[in-house]
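Below is one structure, written out as C-alpha cells; the observations come after it.
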Amino acid sequence: MRVIVCLPADDAVPWLDLFAAALPDARVERREPDAPVAAGAPRADYVVAACPCRTVFAEQPAPKAVFTVSAGVAHALRLPNLPAGVPLIRVEDAGMAPQMVRYALAAVLRAALRLDAYAAQQRAARWEQHAPRAPASLAVGVLGLGVIGGEIARALAAQGFAVRGHARTRKAVAGVRCCAGDAELAAFLGGLAVLVSVVPHTPETTGLLDRAALSRLADGAHVVNMGRGSVLVEDDLIALLDSGKLSGATLDVFRAEPLPPEHPFWRRPEIAVTPHVAGLTIPEDTVAQIAAKIGRLERNLPVTGVVDRERGY
Ligand code: GLV
Numbered sequence: 007m008r009v010i011v012c013l014p015a016d017d018a019v020p021w022l023d024l025f026a027a028a029l030p031d032a033r034v035e036r037r038e039p040d041a042p043v044a045a046g047a048p049r050a051d052y053v054v055a056a057c058p059c060r061t062v063f064a065e066q067p068a069p070k071a072v073f074t075v076s077a078g079v080a081h082a083l084r085l086p087n088l089p090a091g092v093p094l095i096r097v098e099d100a101g102m103a104p105q106m107v108r109y110a111l112a113a114v115l116r117a118a119l120r121l122d123a124y125a126a127q128q129r130a131a132r133w134e135q136h137a138p139r140a141p142a143s144l145a146v147g148v149l150g151l152g153v154i155g156g157e158i159a160r161a162l163a164a165q166g167f168a169v170r171g172h173a174r175t176r177k178a179v180a181g182v183r184c185c186a187g188d189a190e191l192a193a194f195l196g197g198l199a200v201l202v203s204v205v206p207h208t209p210e211t212t213g214l215l216d217r218a219a220l221s222r223l224a225d226g227a228h229v230v231n232m233g234r235g236s237v238l239v240e241d242d243l244i245a246l247l248d249s250g251k252l253s254g255a256t257l258d259v260f261r262a263e264p265l266p267p268e269h270p271f272w273r274r275p276e277i278a279v280t281p282h283v284a285g286l287t288i289p290e291d292t293v294a295q296i297a298a299k300i301g302r303l304e305r306n307l308p309v310t311g312v313v314d315r316e317r318g319y
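In this text, residue positions in the sequence shown follow our numbering: the first is 7, and each later residue adds one.
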C-alpha cells in the first residue's frame, strides 16, 4: 500500500514518522505541496493533505480516499483537481473535543462571572459588586451539535446553565433543549445570554451570525466564535458592541487569519482574541484515527467523517 503525505519540508510535526509507525505495512512517502507534476508517478492508495497541496491530484487522480488533518475542510475542498468520486475524510474529534470544551467553558464562565466587567472596573479602580447570576438563570446556546458541539453542550449543562443547542438536523443531547433547522433558529437564538458557535464554514453558514441573528440574543449577551470566522459578520458584531446590545465576545477564528494588525478586534477591550487555538490538531491521535480508517477501508468497511461535498462539510 502506498500512502502519500503532502507536507512542506519545514513542517514541525513529524507526520511522516507517525504515519510510517502507524502503517507498518505501507510505503509512506512525503510529497512537497507544490512539487512539479511527475508524469507516470506510481499510484497512491491514499493521500493525506497535511497542507494545501496544489499539484498532487494531477499525479494522483484516483486514490481510494483523501484525508485532511483538520476538522475544517474548506481549504481541502478548494484543492485543484481534487478527484470528484473519491471520499474526502476529515478529522473527527481526535483529541480536539476536550480542548474545545475547556475553551468554551472558560469563555462562558468568564461571561457568566462578569470577569470582563470587573476587568473594566479594575482599569477604572472602581470597586462595585454585581449580583451573582445563578447558572440556571443564564441561557447558553451552542450553535452546531456535531461531535464537538455535543460535548460542549453537555459540559455546559453539567455546570448548571440552561443550555440550548442548534443543528441542521434534530439531535438529542441529555439536558439540552435541541433545536433544528432554519425554522427553529430564531427560537434558539432568542434571549441567549451567551452564544457559542462551533459550526464549520459552509455556504449555508457563511454570514449566519449577522446583525439580524445577533439582535435576537439577550441584551448584554456575549458571543463566542470557535468554529469558523466566515460564520460571523464582523462589522455587525462591532456595531452591536458599539450600540450596547452586546457586551463582549471571545473570538478564536476570523475571516482573515492571521488577524491583520490593523483589525479593530485587536483594540476592543471587550473582545478576547485568541489565534485559532481552541482546538488544535493532536498529531498522534489524528494519525491513529486516519490509520484506523485506512484499515477499515482496506477491509471494505464503512468509515465516518466522509465530507458531503454538496454541503461543504
Ligand atoms: C481546526 O480549526 C480544524 O479545523 O481542525
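For each residue, glycine too, the CB sits at the ideal point set by N, CA and C.
Item checked: Top-ranked residue by Cα proximity to Pro209, from Ala50, Glu316, Leu88 -> Here the question's residue 209 lines up with position 203 in the sequence shown. It is Glu316 whose Cα lies nearest to the Cα of Pro209.
Checklist line | Within the segment 246 to 303, ranges of the beta strand (DSSP E) (whole runs, at least 3 residues) | finding: 252 to 257, 277 to 279
Margin query: Looking at the strands, I want to know which residues DSSP matches up with Ser203.
Written below: Residue numbering aside, residue 203 sits at position 197 when the sequence shown is read from its first letter. Its beta-bridge partners are Leu149, Asn231.
Note to self: Quick test of your reading: Val169 and Val182, contact by CB under 8 angstroms. State the CB separation rounded to the nearest angstrom.
What the structure shows: Taking the first residue of the sequence shown as position 1, residue 169 is located at position 163. Taking the first residue of the sequence shown as position 1, residue 182 is located at position 176. Indeed they touch by this definition, with Cβ atoms about 5 angstroms apart.
Notebook entry, point to check: Out of Ala32, Leu144, Cys12, which has the shortest C-alpha to C-alpha gap to Pro42?
Noted result: Within the sequence shown, residue 42 is the residue found at index 36, counting from 1. The option with the nearest alpha carbon to Pro42 is Cys12.
Check: Quick one: any contact between the segment 285 to 296 and the segment 259 to 276, if contact means 3 or more CB pairs under 8 angstroms?
Finding: no
Notebook entry, point to check: Can you give the Cα-Cα distance for Phe63 and Pro86, rounded to whole angstroms?
Noted result: As a working note, residue 63 is residue 57 in the sequence shown. As a working note, residue 86 is residue 80 in the sequence shown. Approximately 7 angstroms, taken between the alpha carbons.
Next item on the list: Return the chain-ordered list of same chain residues with a C-beta closer than 6 angstroms to the C-beta of Gly235, the five sequence neighbours on each side being excluded.
Entry: As a first step, residue 235 must be located in the sequence shown, where it is residue number 229. Val259, Phe260, Arg261.
Note to self: If you measure from each CB to the nearest heavy atom of the ligand NAP and keep those under 5 angstroms, what residues do you get, in chain order?
What the structure shows: Within the structure as shown, the ligand NAP is missing, the only ligands being the ligand GLV.
Next item on the list: For Leu215, name the three-state secondary structure that DSSP assigns.
Entry: Here residue 215 corresponds to residue number 209 of the sequence shown, with the count starting at 1. Three-state DSSP puts Leu215 in a strand.
Notebook entry, point to check: Which residues bound the beta strand (DSSP E) around Val323?
Noted result: Nothing can be reported for residue 323, as the shown portion of the chain is limited to 7 through 319.
Check: According to the Cβ coordinates, are Val79 and Gly254 closer than 9 angstroms?
Finding: Along the sequence shown, one-based indexing puts residue 79 at 73. Along the sequence shown, one-based indexing puts residue 254 at 248. No; because the gap between Cβ atoms is not below 9 angstroms, this pair is not in contact.
Check: Does DSSP classify Arg129 as helix, strand or coil?
Finding: Walking along the sequence shown from the start, residue 129 turns up at place 123. If DSSP states are grouped into helix, strand and coil, Arg129 belongs with the helices.
Notebook entry, point to check: So, is Val283 buried or exposed, given that buried needs 16 or more other C-beta atoms within 10 angstroms?
Noted result: Residue 283 sits at position 277 when you count from the first residue of the sequence shown. Exposed: under 16 other Cβ atoms inside 10 Å.
Next item on the list: Go through its chain and collect everything with a Cβ distance to Gln295's Cβ below 6 angstroms, but skip five positions before and after it.
Entry: On the sequence shown, residue 295 is found 289 positions in, with the first residue counted as 1. The residues are Ala100.
Item checked: Met7, buried or exposed, once every other Cβ within 10 Å from all chains shown has been counted against 16 -> To locate residue 7, count along the sequence shown from 1; it is residue 1. Result: exposed.
Check: Where does Leu13 sit, in a helix, a strand or coil, going by DSSP?
Finding: As a position in the sequence shown, residue 13 is number 7, starting the count at 1. DSSP places Leu13 in coil when its eight states are reduced to three.
Check: Quick one: what's got a C-beta closer than 6 angstroms to Thr74's C-beta in the same chain, skipping five residues either side?
Finding: Counted from its first residue, the sequence shown places residue 74 at position 68. The residues are Ala55, Ala82, Arg96.
Notebook entry, point to check: When the Cα atoms are used, what is the spatial distance from Val237 to Thr211?
Noted result: Start at 1 with the first residue of the sequence shown, and residue 237 comes out as number 231. Start at 1 with the first residue of the sequence shown, and residue 211 comes out as number 205. The alpha-carbon atoms of Val237 and Thr211 are separated by roughly 5 angstroms.
Check: Is the segment 156 to 167 touching the segment 121 to 138 in the sense that three or more CB pairs, one from each, lie closer than 8 angstroms?
Finding: no
Item checked: Limits of the unbroken beta strand (DSSP E) element including Val34 -> Along the sequence shown, one-based indexing puts residue 34 at 28. Counting along the chain, the beta strand (DSSP E) containing Val34 begins and ends at 33 to 37.
Margin query: Considering just the uninterrupted stretch of the alpha helix (DSSP H) at Ala192, what are its terminal residues?
Written below: Along the sequence shown, one-based indexing puts residue 192 at 186. First-last of the alpha helix (DSSP H) with Ala192: 191 to 195.
Next item on the list: Pick helix, strand or coil for Gly171, following the three-state DSSP scheme.
Entry: Here residue 171 refers to the residue found at position 165 of the sequence shown. Note: Gly171 maps to strand in three-state DSSP.
Margin query: On the CB-based measure, 16 or more other CB atoms within 10 Å of its CB, does Thr292 come out buried or exposed?
Written below: Position 286 of the sequence shown, counted from the first residue, corresponds to residue 292. It counts as buried.
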